[in-house]
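Protein chains in written order, with the numbering used here: chain A, 1 to 107; chain B, 1 to 42; chain C, 1 to 484.
As structure tokens, the structure follows; a few thoughts come after it.
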Amino acid sequence: MGLEDQAAVKRVADEHGSGVVVLLGTPDAESTQTLAQTVVAGDPSYAGPLAGVPLGLPVFHVFEPEVRDQVPIDVYEAQVALMEMSLDRDAILAGLREARRAAAATS
Amino acid sequence: MELRGKKVIALGERDGVPGPAVAECAKRAGAEVVLTLTACYV
Amino acid sequence: MPVIRAVSLVLAHVPSLVRLGSKPLRVLREVEQPIEYLRPHLRDWNAARAYAPNQVFIGNVGVDELAARPTPWHRHPIAGAQRFGPDGEIMPEDEFLGLLATCDGFDLLALTGEVADRARSTLDAHPVVGRESGRPAVPAGVGTAVLNERIARHRAVPLVGVDGRLLGAMLPGHEEDDTLTGQVLLENLACKATAALALRHLLARPGAIAATDVRYVINCGEEAVGDRYQRGGGNVAKAVAEWAGCARATGSDVKAFCSGPMHALMLAGALVRSAMFDDVVVVAGGSLAKLGMKFQGHVKHAMPIVEDVLAGFAVHVARDDGVSPVLRLDAIGRHEVASGSAPLAVMKALYSEPLERVGLTLLDVDRFSLELHNPEATEPAGSGNVPLNNYRTLASLAVVEKLITREGIDDFVRTRGMPGFSPTQGHIASAIPYLGHARRGLTEGGLTRTMFAGKGSLFLGRMTQLPDGLSLVLERNGARPSTA
Numbered sequence: 001m002g003l004e005d006q007a008a009v010k011r012v013a014d015e016h017g018s019g020v021v022v023l024l025g026t027p028d029a030e031s032t033q034t035l036a037q038t039v040v041a042g043d044p045s046y047a048g049p050l051a052g053v054p055l056g057l058p059v060f061h062v063f064e065p066e067v068r069d070q071v072p073i074d075v076y077e078a079q080v081a082l083m084e085m086s087l088d089r090d091a092i093l094a095g096l097r098e099a100r101r102a103a104a105a106t107s
Numbered sequence: 001m002e003l004r005g006k007k008v009i010a011l012g013e014r015d016g017v018p019g020p021a022v023a024e025c026a027k028r029a030g031a032e033v034v035l036t037l038t039a040c041y042v
Numbered sequence: 001m002p003v004i005r006a007v008s009l010v011l012a013h014v015p016s017l018v019r020l021g022s023k024p025l026r027v028l029r030e031v032e033q034p035i036e037y038l039r040p041h042l043r044d045w046n047a048a049r050a051y052a053p054n055q056v057f058i059g060n061v062g063v064d065e066l067a068a069r070p071t072p073w074h075r076h077p078i079a080g081a082q083r084f085g086p087d088g089e090i091m092p093e094d095e096f097l098g099l100l101a102t103c104d105g106f107d108l109l110a111l112t113g114e115v116a117d118r119a120r121s122t123l124d125a126h127p128v129v130g131r132e133s134g135r136p137a138v139p140a141g142v143g144t145a146v147l148n149e150r151i152a153r154h155r156a157v158p159l160v161g162v163d164g165r166l167l168g169a170m171l172p173g174h175e176e177d178d179t180l181t182g183q184v185l186l187e188n189l190a191c192k193a194t195a196a197l198a199l200r201h202l203l204a205r206p207g208a209i210a211a212t213d214v215r216y217v218i219n220c221g222e223e224a225v226g227d228r229y230q231r232g233g234g235n236v237a238k239a240v241a242e243w244a245g246c247a248r249a250t251g252s253d254v255k256a257f258c259s260g261p262m263h264a265l266m267l268a269g270a271l272v273r274s275a276m277f278d279d280v281v282v283v284a285g286g287s288l289a290k291l292g293m294k295f296q297g298h299v300k301h302a303m304p305i306v307e308d309v310l311a312g313f314a315v316h317v318a319r320d321d322g323v324s325p326v327l328r329l330d331a332i333g334r335h336e337v338a339s340g341s342a343p344l345a346v347m348k349a350l351y352s353e354p355l356e357r358v359g360l361t362l363l364d365v366d367r368f369s370l371e372l373h374n375p376e377a378t379e380p381a382g383s384g385n386v387p388l389n390n391y392r393t394l395a396s397l398a399v400v401e402k403l404i405t406r407e408g409i410d411d412f413v414r415t416r417g418m419p420g421f422s423p424t425q426g427h428i429a430s431a432i433p434y435l436g437h438a439r440r441g442l443t444e445g446g447l448t449r450t451m452f453a454g455k456g457s458l459f460l461g462r463m464t465q466l467p468d469g470l471s472l473v474l475e476r477n478g479a480r481p482s483t484a
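Pasting the structure below:
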């Protein structure tokens with residue numbers, strides 16, 4: 001996540017307090033893992049406003065079955081399905097699981 | 001996790017699912033979208 | 001229908017300027033000698049010239065040849081790689097610094113005497129931008145003491161060579177204007193110089209029109225040239241036309257982030273079609289700000305910083321000559337406002353809708369040119385293989401349209417796509433680098449139809465959440481019965 005984007009995420013999370021969740025649309029395992037880590041445990045590159053700031057936000061990917069099941073099927077078809085076909089969904093979700101595992105281990 | 005009633009930060013990507021597309025899914029699942037961003041890494 | 005008469009694509013190898021890219025500048029702010037930090041990862045010109053993706057960029061190596069080459073490309077240089085190719089050249093830094101100085105009409109960029117003298121003697125003998133090309137002379141150098149004074153007291157940006165020596169300095173254009181700092185002006189000058197080099201290459205082609213026959217120039221580079229009252233005022237096109245001797249041309253800038261070049265080519269075609277102008281040239285220079293954008297990934301993986309080149313291109317759009325590839329103005333793919341951000345709607349608007357409009361499908365296109373960013377630049381930094389992602393999305397559209405099966409995705413990508421070979425120079429990497437190859441393939445080679453699509457990340461400017469995109473079909477002349 002770019003540094004400017006980190007600042008915006010931090011501000012919005014601070015302003016809204018509880019009940020905030022992050023929903024990702026990242027295209028590969030590495031970016032998914034990095035982004036998830038950033039909004040849970042802090043910026044892993046230690047360069048941005050979220051360096052050392054564990055927001056601890058629940059994070060999901062729009063490809064996850066538990067997200068998909070809550071979205072009307074026609075909306076999901078129009079907004080997501082094409083990318084789900086073209087990208088490596090299993091790898092993306094594995095990246096997310098890895099980030100969650102790392103966060104659970106350090107908290 | 002139930003999206004209904006949640007405040008969602010939608011973080012999309014130009015070559016993945018763009019922010020507004022992620023946000024539309026969240027909205028239609030009953031969530032309030034509080035931030036929509038699309039990253040472009042090139 | 002208008003045709004693509006000529007294409008030029010140039011690179012300038014500028015390892016010393018990598019330090020002044022936006023990312024390196026910000027990340028290395030606390031580092032006392034940034035050039036020392038970067039030095040182990042900066043390539044010399046021989047390595048940049050022999051780098052396979054750069055040889056594809058200037059047309060010496062084909063895209064299928066690149067796909068068959070061993071990777072990583074930076075470890076497998078091309079033996080006997082040439083500086084010049086059918087589409088352009090890879091200019092070394094010592095000459096490019098001189099070229100930059102010739103583009104500066106306000107004496108703000110000063111080179112040391114040694115640098116200026118060396119640049120003058122080599123540049124004057126250049127086959128395309130040599131002495132007889134009519135360009136301004138490389139100005140005399142300035143003493144180091146004066147340069148140091150400008151850096152210390154007048155906020156000039158020092159240009160430091162890879163060896164640590166001072167090469168020159170760029171003064172601000174105004175003491176108090178944030179849009180005219182030395183850094184901003186150097187970025188703008190680099191854009192002008194690479195566009196100007198590309199334009200002279202275009203005009204040096206066998207059978208090219210005279211510079212004075214160019215009547216309109218459209219620049220689609222991304223630099224905002226202006227002052228504090230009009231930050232993106234423009235007009236780089238006019239500046240480039242002046243430098244290149246296009247005395248009867250006027251022009252303007254077209255901007256749409258990375259899809260700017262597609263809009264510019266469409267508009268050029270429309271100007272020719274309307275008979276407003278017979279000969280329109282589209283140009284764009286490179287992005288100094290994007291040099292070293294992913295350098296941290298390259299440092300981390302102990303590989304050379306491959307984002308060490310500025311790019312430029314020029315395209316001559318003209319009336320039908322019966323030979324050159326046709327730019328089909330009846331098959332322009334448009335991302336309309338209502339296309340929104342949903343990937344399926346965007347892809348349909350850019351690809352299947354325009355083809356369907358003229359009775360074609362995705363399978364009637366031999367080769368698609370999409371985002372062509374070199375994965376060797378992006379993958380080490382965790383930004384993925386951008387071309388591959390985009391080609392897979394296009395193939396998935398073909399599945400949705402029931403043209404191929406899911407099992408056919410890989411084959412579609414391999415045969416109708418290509419590996420990314422462009423430096424990460426934004427608007428130029430967006431489809432443009434295949435233009436030279438396509439022109440050859442559609443005239444001398446076996447191609448019938450190619451499609452070019454550029455994507456623009458408008459949301460980065462925070463004025464809309466929308467993306468942008470435009471696609472163009474280039475076709476072999478006479479490929480269809482009724483070329484109106």
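Virtual Cβ for every residue (Gly too), placed ideally from N, Cα, C.
Note that the structure is a prediction, hence the values are computed from the model and not measured.
Kindly indicate which three-state DSSP category Glu371/C falls into: helix, strand or coil?
For this step, residue 371/C is matched to residue 371 along the third sequence. Strand, per DSSP.
Give the DSSP-derived three-state secondary structure of Arg97/A in the structure shown.
Locating residue 97/A in the first sequence gives position 97, where the first residue counts as 1. Three-state DSSP puts Arg97/A in a helix.
Within 10 Å of its beta-carbon, does Asp94/C have 16 or more other beta-carbons around it, so buried, or fewer, so exposed?
Position 94 of the third sequence, counted from the start, is the residue given in the question as residue 94/C. So Asp94/C ends up on the buried side.
Strictly by DSSP, which residues pair up with His492/C?
Residue 492/C falls outside the range modelled here, since chain C spans only 1 to 484, and no answer is possible.
Quick one, are the C-beta atoms of Asn374/C and Pro2/C less than 8 angstroms apart?
Stepping through the third sequence from its first residue, residue 374/C is reached at position 374. Stepping through the third sequence from its first residue, residue 2/C is reached at position 2. No, they are not a contact pair.
Roughly how many angstroms lie between the CA atoms of Ser482/C and Thr361/C, to the nearest whole one?
Position 482 of the third sequence holds residue 482/C. Position 361 of the third sequence holds residue 361/C. For Ser482/C, the pLDDT reaches just 47, beneath the cut-off of 50, and the residue's location in the model is therefore unreliable, although a value from the coordinates is still provided. Each residue's alpha carbon lies about 18 angstroms from the other.
Count the other C-beta atoms from every protein chain shown that fall within 10 angstroms of the C-beta of Leu363/C, then say buried if there are 16 or more, exposed otherwise.
Taking the first residue of the third sequence as 1, we reach residue 363/C at position 363. Exposed, since its Cβ has fewer than 16 Cβ neighbours within 10 Å.
Can you grab the Cα-Cα spacing for the pair His154/C / Leu17/C, in whole Å?
Mapped onto the third sequence, residue 154/C falls at position 154. Mapped onto the third sequence, residue 17/C falls at position 17. Computed Cα separation, rounded: 20 angstroms.
In whole angstroms, what separates the C-alpha of Ala275/C from that of Gly269/C?
Sequence index remark: in the third sequence, residue 275/C carries index 275 (1-based). Sequence index remark: in the third sequence, residue 269/C carries index 269 (1-based). Ala275/C and Gly269/C: Cα-Cα distance of roughly 10 angstroms.
Using 8 angstroms as the limit for Cβ to Cβ distance, is Leu3/B near chain C?
Along the second sequence, read from residue 1 onward, the residue named residue 3/B stands at position 3. So no, Leu3/B is outside the interface.
Got a sec: is the Cβ-Cβ distance from Asn477/C to anything in chain A below 8 angstroms?
Taking the first residue of the third sequence as position 1, residue 477/C is located at position 477. No, no contact with chain A.
DSSP puts Leu472/C in a beta bridge; with which residues?
Numbered from its first residue, the third sequence carries residue 472/C at position 472. Paired residues: Phe452/C.
Would Val62/A and Leu3/A be called neighbours here (beta carbons separated by less than 8 angstroms)?
Walking along the first sequence from the start, residue 62/A turns up at place 62. Walking along the first sequence from the start, residue 3/A turns up at place 3. Going by C-beta atoms, Val62/A is not nearer than 8 angstroms to Leu3/A.
Give me whichever residues DSSP pairs with Val219/C in a beta bridge.
Taking the third sequence and counting its residues from 1, one reaches residue 219/C at position 219. As written in the sequence, residue 219/C is Asn, which differs from the Val given in the question. In the DSSP output, where bridge partners are listed per residue, Asn219/C has Asp253/C and Val283/C.
On the DSSP letters alone, give me the boundaries of the beta strand (DSSP E) that Leu458/C sits inside.
Here residue 458/C refers to the residue found at position 458 of the third sequence. First-last for Leu458/C: undefined, no H or E at that position.
Hey, how far is the Cα of Leu11/B from the Cα of Val309/C?
The count along the second sequence starts at 1 and reaches residue 11/B at position 11. The count along the third sequence starts at 1 and reaches residue 309/C at position 309. Using only the alpha carbons, I get a separation of about 31 angstroms.
Rounded to whole angstroms, how far is the Cβ of Ser430/C from the Cβ of Pro261/C, which I believe are closer than 8 angstroms?
What you label residue 430/C is simply residue 430 of the third sequence in a count that begins at 1. What you label residue 261/C is simply residue 261 of the third sequence in a count that begins at 1. Going by Cβ atoms, the distance from Ser430/C to Pro261/C rounds to 7 angstroms, so yes, they are a contact pair.
For Met91/C, list the residues DSSP reports as bridge partners.
By one-based count along the third sequence, residue 91/C stands at place 91. Answer by DSSP bridge pairing, in chain order: Ala12/C.
Which residue comes first and which comes last in the beta strand (DSSP E) that contains His61/A?
Here residue 61/A is taken as the residue at index 61 of the first sequence, counted from 1. It spans Val59 to His61 - the beta strand (DSSP E) in which His61/A sits, taken as one unbroken run.
Give the interface partners of Asp28/A over in chain C, defined as CB-CB distance under 7 angstroms, in chain order.
Numbered from 1 along the first sequence, position 28 holds the residue referred to as residue 28/A. Near Asp28/A (Cβ distances below 7 angstroms), the residues of chain C are Gly384.
How is Phe295/C classed by DSSP in three states: helix, strand or coil?
For this step, residue 295/C is matched to residue 295 along the third sequence. Note: Phe295/C maps to helix in three-state DSSP.
Between Ala224/C and chain B, is any beta-carbon pair separated by less than 8 angstroms?
Here the question's residue 224/C lines up with position 224 in the third sequence. With 8 angstroms as the cut-off, Ala224/C does not count as an interface residue toward chain B.
Where do the N-terminal and C-terminal ends of the alpha helix (DSSP H) with Val27/C fall, by residue?
Here residue 27/C corresponds to residue number 27 of the third sequence, with the count starting at 1. From DSSP, the alpha helix (DSSP H) with Val27/C extends over Ser22 to Val27.
Using a 10 Å radius around the Cβ and a threshold of 16 neighbouring Cβ atoms, would you call Pro387/C buried or exposed?
Residue 387/C sits at position 387 when you count from the first residue of the third sequence. The residue is buried, with at least 16 neighbouring Cβ atoms inside 10 Å.
According to the Cβ coordinates, are Pro354/C and Ser471/C closer than 8 angstroms?
Here residue 354/C refers to the residue found at position 354 of the third sequence. Here residue 471/C refers to the residue found at position 471 of the third sequence. Yes, these two residues count as a Cβ contact at 8 angstroms.
Any Cβ of chain B within less than 8 angstroms of the Cβ of Pro58/A?
As a working note, residue 58/A is residue 58 in the first sequence. Closer than 8 angstroms: yes.
Helix, strand or coil for Arg89/A, going by three-state DSSP, please let me know.
Within the first sequence, the letter at position 89 stands for residue 89/A. It is helical.
Please determine if the stretch 281-292 of chain C and the stretch 311-323 of chain C are in contact, where contact requires at least 3 C-beta pairs separated by less than 8 angstroms.
At 8 angstroms Cβ cutoff, the stretches touch.
Mind pulling the chain B residues with CB within less than 8 angstroms of Ser457/C?
In the third sequence, the residue the question calls residue 457/C occupies position 457. Within chain B, the residues near Ser457/C are Arg14, Thr38 and Cys40.
Does any residue of chain C have a CB that is nearer than 8 angstroms to the CB of Met85/A?
As a first step, residue 85/A is located in the first sequence; it is residue number 85 there, counting from the start. For Met85/A, the answer is yes, since a Cβ of chain C falls inside 8 angstroms of its Cβ.
Between Ala484/C and the rest of its own chain, which residues show a CB-CB distance below 6 angstroms, the 5 nearest in sequence each way excluded?
Residue mapping note: residue 484/C aligns to position 484 of the third sequence, counting from 1. Only weak support exists for where Ala484/C lies, its pLDDT of 42 falling under 50; the coordinates are left without a value.
Counting C-beta neighbours from all protein chains within 10 Å, is the total for Ala6/C 16 or more, i.e. buried, or is it exposed?
Here residue 6/C corresponds to residue number 6 of the third sequence, with the count starting at 1. Looking at its Cβ environment, which holds 16 or more other Cβ atoms inside 10 Å, Ala6/C is buried.
Please list, in chain order, the chain A residues whose beta carbon lies closer than 8 angstroms to that of Leu397/C.
The residue given as residue 397/C occupies position 397 in the third sequence. Going along chain A in sequence order, the residues near Leu397/C (Cβ under 8 angstroms) are Leu82.
Less than 8 angstroms separating the beta-carbons of Val138/C and Gly98/C?
Taking the first residue of the third sequence as position 1, residue 138/C is located at position 138. Taking the first residue of the third sequence as position 1, residue 98/C is located at position 98. Cβ atoms of Val138/C and Gly98/C: closer than 8 angstroms.
Name the DSSP bridge partner or partners of Leu24/A?
For the purposes of this step, residue 24/A is taken as the residue at position 24 of the first sequence. Answer by DSSP bridge pairing, in chain order: His61/A and Leu11/B.
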